[in-house]
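Residue numbers (my numbering), protein chains in the order written: chain A, 1 to 166; chain S, 1001 to 1166. Think of the CB as a built atom: it goes at the ideal place given N, C-alpha and C, for glycine as much as any other residue. Note that the structure is predicted; figures quoted are calculated from it, not measured.
Protein chains: 2
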Amino acid sequence: MRGAPSKPKAELMAVAAEPAADTPLDIGELADLLGYSMKRAQLKVFDHFLRVMAPLHLTPAQFSVLLLLERNPGRNQTEVANTLGILRPNFVAMLDSLEAREFCVRKRSSSDRRSHVLMLTEKGKATLARAKKLVAGKHEARLSEVLGEDNRVALVQMLAKIAREL
Amino acid sequence: MRGAPSKPKAELMAVAAEPAADTPLDIGELADLLGYSMKRAQLKVFDHFLRVMAPLHLTPAQFSVLLLLERNPGRNQTEVANTLGILRPNFVAMLDSLEAREFCVRKRSSSDRRSHVLMLTEKGKATLARAKKLVAGKHEARLSEVLGEDNRVALVQMLAKIAREL
DNA sequence: TATTGTTATACTCTATAACTATA
DNA sequence: TATAGTTATAGAGTATAACAATA
Chain A
1 MRGAPSKPKA
11 ELMAVAAEPA
21 ADTPLDIGEL
31 ADLLGYSMKR
41 AQLKVFDHFL
51 RVMAPLHLTP
61 AQFSVLLLLE
71 RNPGRNQTEV
81 ANTLGILRPN
91 FVAMLDSLEA
101 REFCVRKRSS
111 SDRRSHVLML
121 TEKGKATLAR
131 AKKLVAGKHE
141 ARLSEVLGED
151 NRVALVQMLA
161 KIAREL
Chain S
1001 MRGAPSKPKA
1011 ELMAVAAEPA
1021 ADTPLDIGEL
1031 ADLLGYSMKR
1041 AQLKVFDHFL
1051 RVMAPLHLTP
1061 AQFSVLLLLE
1071 RNPGRNQTEV
1081 ANTLGILRPN
1091 FVAMLDSLEA
1101 REFCVRKRSS
1111 SDRRSHVLML
1121 TEKGKATLAR
1131 AKKLVAGKHE
1141 ARLSEVLGED
1151 NRVALVQMLA
1161 KIAREL
């Protein structure tokens, strides 16, 4: 389909001719706009992540929370949410869901009874271990395949620099 | 603030000590996750775009539509929306807003009365010209300043490759 | 008085079904 | 019957105000 440009209709008489339908649009300067390529690429990357992670039903945001809890056990909700750029009110439902799936627990802090100390459960640790293997073996590996490993690393460095310095 | 780590409270007796509050969390493996850096960077880039474009009140999505209409006059809503990855139903309100601001017009196609042919108005062209100057002079220029011009170009190429091939 | 977790709420984006008018 | 534009609607994601418990 879409092979031969068969045009049975006579269009010779078209006056202020409308453009050749069927032809892909020219994105022009959009191709050089960093924000445009970044948004399109980001959607693809998250979509690929979700497909790879489908067996574990973890979103990128959930995975990032589990990673952070593993590396920083005993922190409170405000600290974790802030680190990830999540607003505290929006972090509540997210934690509810992770706690309902028994990946982590909230515990009243003994030193400050206002705050909840967060920790992974054994189930959370096990799930995170499986998730990491999927991400490394199927997700990041695919990105290295597309870009080349050196470029993938360079790309992450540039993105981190933008996030830090822009 | 946050200069000297003044710790008046005696914490020597803490048994299963909670982590040193006040210390930034360790993002660990998150720093190497492409999707994570890309999301954080993308938010920063769009935020910067919005600040630069504040005098014209144009979002990245609106700017991309105007660019596409300029380069591809006479296309219909489905074609433009598809090219930008916008769903047709969601494109309606967006066009309503751009048309209300007199940046573009919908015209019934003479060859297919179902479709609307889209074109920039003179006001739309003039606004787009101003927008392009802001983007080139203040937005992309800032990104080149942060990354270096060669790296900025290389970055766009890698992002485009991901959008195409992942 | 200030902070933690929380609720309520609102606004934007995104996604799907279904209608209408044309083809 | 199929397609273009549209409406309605629902779900994420994100943002702010305010309250109870605690500091």
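A straight-line Cα-Cα distance of about 8 Å links Glu1079 of chain S and Leu25 of chain A.
In the displayed model, Met53 of chain A falls within coil according to three-state DSSP, outside both helix and strand.
Against Pro55 of chain A, chain S offers no close residue; the least beta-carbon distance is about 18 Å (beta-carbon pairs closer than 8 Å). The DSSP assignment places complete beta strand (DSSP E) segments of no fewer than 3 residues inside the region 82-134 of chain A at 104-108, 116-120, in order along the chain. Just so you know, the alpha carbons of Asn82 of chain A and Leu134 of chain A end up roughly 27 Å apart. For the C-beta of Lys1044 of chain S, the chain A residues within less than 7 Å are, from N- to C-terminus, Ile162, Ala163, Leu166. Listed along chain A are Leu30, Tyr36, each with a C-beta nearer than 7 Å to that of Ser1064 of chain S. Bounds of the alpha helix (DSSP H) holding Lys161 of chain A are 149-165. Taking a C-beta cut-off of 8 Å against chain A, the contacting residues of the region 1096-1109 of chain S are Ser1109, listed in chain order. Between the region 139-146 of chain A and the region 43-55 of chain A, the count of C-beta pairs closer than 8 Å reaches three or more; the two stretches touch. Within its own chain, the residues whose Cβ lies closer than 8 Å to the Cβ of Pro1073 of chain S, once the five positions on either side in sequence are excluded, are Leu1118, Met1119, Leu1120, listed in chain order.
Cβ-Cβ separation between Gly124 of chain A and Phe91 of chain A: approximately 16 Å, too far for a contact (criterion under 8 Å).
Secondary structure note for Leu1066 of chain S: its alpha helix (DSSP H) is the uninterrupted segment 1060-1071. Note that the C-beta distance between Met38 of chain A and Val65 of chain A is not below 8 Å. Interface with chain A (8 Å Cβ-Cβ cutoff): Glu1079 of chain S is included. For the options A:Glu70, A:Val45, A:Arg40, A:Arg108, the alpha carbon positioned closest to that of Leu1084 of chain S is the one of A:Arg40.
At a Cβ-Cβ threshold of 8 Å, Asn1151 of chain S and Met158 of chain A count as neighbours. Contact between Leu166 of chain A and Val1045 of chain S holds, since their C-beta atoms are separated by about 7 Å, short of 8 Å. The beta-carbon separation of Pro89 of chain A and Gly1035 of chain S, rounded to 24 Å, does not stay under the 8 Å limit for a contact.
Below the 8 Å Cβ cutoff, chain A contributes Arg40, Leu43 as neighbours of Gly1085 of chain S, in chain order. Contact between Ala131 of chain A and Leu69 of chain A does not hold, since their C-beta atoms are separated by about 13 Å, which reaches or exceeds 8 Å. For Leu1159 of chain S, at least one C-beta of chain A is nearer than 8 Å to its own C-beta. Exposure of Thr23 of chain A is indicated by the presence of fewer than 16 other C-beta atoms within 10 angstroms of its C-beta.
Cβ neighbours of Gln42 of chain A within its own chain (closer than 6 Å, five residues either side excluded): none. Chain S places a beta carbon closer than 8 Å to that of Val156 of chain A, counting this residue as a contact. The alpha-carbon of Val153 of chain A is positioned some 45 Å away from that of Glu1122 of chain S. In chain order, Leu1034 make up the part of chain S whose C-beta sits under 7 Å from the C-beta of Glu140 of chain A. Note that the C-beta distance between Arg1071 of chain S and Gly28 of chain A is below 8 Å.
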